[in-house]
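J.: Taken in order, the sequence shown gives residues 368 to 554; the numbers are from our numbering. Note that CB positions come from ideal geometry on N, CA and C, so glycine has one too. Submitted below is the structure of interest, expressed as structure tokens.
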Amino acid sequence: MRLDELARREGDDITIEWKSFLLRPAPEERSKDDFAAYTESWARPAGMEPETAFSYPWAGEAPPASSLNSAVAGKVAEQISTDGGSEFHRRLLTAYFTDNRTISDLETLADIAEESGLSRDEFMSTFADQRTPLLRLVYDEHNLAVNSGITGVPAVVVDDRFLVPGAVDVDQYERVLEHVRTERAAE
368 MRLDELARRE
378 GDDITIEWKS
388 FLLRPAPEER
398 SKDDFAAYTE
408 SWARPAGMEP
418 ETAFSYPWAG
428 EAPPASSLNS
438 AVAGKVAEQI
448 STDGGSEFHR
458 RLLTAYFTDN
468 RTISDLETLA
478 DIAEESGLSR
488 DEFMSTFADQ
498 RTPLLRLVYD
508 EHNLAVNSGI
518 TGVPAVVVDD
528 RFLVPGAVDV
538 DQYERVLEHV
548 RTERAAE
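Shown next, in the form of structure tokens:
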């Protein structure tokens, strides 16, 4: 992913913090054929992500019905382990974009947690115990994004001030970081 490349280039000078943005907050059943047609739009980002394989049109079973469970699952993974949270996030993206897995399904999410090195039992119990407060956190992050002008993903906010919408090259992120550093030096 481009942000992984940016982190490798910048080292400890930056921190990447994933926030929730719900593309499908409410469950919405879609036919596999309709969803497969939608995934044709992945061609552009696939061409920009040399480190990530995209598989389209959708070849998996049922398409995800909602992004809510996967957003909560990401927060669960972060609670269990900081490193596990990062690995879970990467594997979640791979499960969706490459493997075409139904990431709204809790059992699939538990499988991904296990593949990320997390305890399946701890993941499932934390998901059950913390679902309500984590739902609030996910909705709060989503609403903050919407109120900040974010309308889709990917979207990167740098220094809580600069929005970089859409799929962009690593060089563009570096230009924004340089701008932020110049502004900070002038302050």
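In whole angstroms, give me the CA-to-CA distance for G378 and D371.
T.: 10 Å
J.: Mind checking S398: buried by the 16 CB within 10 Å criterion, or exposed?
T.: With fewer than 16 other Cβ atoms within 10 Å, it is exposed.
J.: Per DSSP, which one or two residues make a beta bridge with A512?
T.: Bridge partners of A512: none, in fact.
J.: Find out if the Cβ-Cβ distance for the pair A534, P412 is shorter than 8 Å.
T.: yes
J.: Below 8 Å CB to CB, which residues in the same chain sit around E481 once its five sequence neighbours on both sides are set aside?
T.: R487 and F490
J.: Start and end of the beta strand (DSSP E) containing N522?
T.: Residue 522 is actually Ala in this sequence, not Asn. Its beta strand (DSSP E) spans residues A522 to V525.
J.: Are there 16 or more other CB atoms within 10 angstroms of the CB of A462, so buried, or fewer, so exposed?
T.: buried
J.: Return the first residue and the last residue of the alpha helix (DSSP H) that F421 is part of.
T.: Under the DSSP assignment, F421 falls outside any alpha helix (DSSP H); it carries neither an H nor an E label.
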